[in-house]
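Counting from 0, one number per residue, gives the positions in the sequence shown under numbering that gives the first Met the number 0.
Glycine included, every Cβ here is placed at the ideal spot set by N, Cα and C.
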Amino acid sequence: MASDDGTKKPKPHHKVKAKAKEQTAGFIDFVREQGIVGLAIGFIVGTQARVLVDALTNGFINPLVGLVLPGGGSLVGRTFTVTVG
């Protein structure tokens, strides 16, 4: 595809590819500079740690407490009052 002066015009899809590469490179630089990957990993590990603690509490600790406390059951719904002085 040539223009009136005989030079070739760049095809539109080349412009799109160049713009996409530029934006992708900018995003990758942002991720590297800001430590987003570390933040995401920390978030995932924290979420899974909460799931693990919930599973241990519901499957192991609450049944043991139910054996010790009168009336059976678990700590759910029980309250304790601590008075100082």
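Leaving aside the five residues that flank Ile27 on each side, none in its chain has a CB nearer than 7 angstroms to its CB.
Judged by beta-carbon spacing, Val44 lies beyond the 8 angstroms limit of Val36, meaning their Cβ atoms are not closer than that value. Per DSSP, Gly58 lies in no alpha helix (DSSP H) segment and is marked neither H nor E. Taken in chain order, the complete alpha helix (DSSP H) segments of 4 or more residues contained in the segment 29-55 are 35-55.
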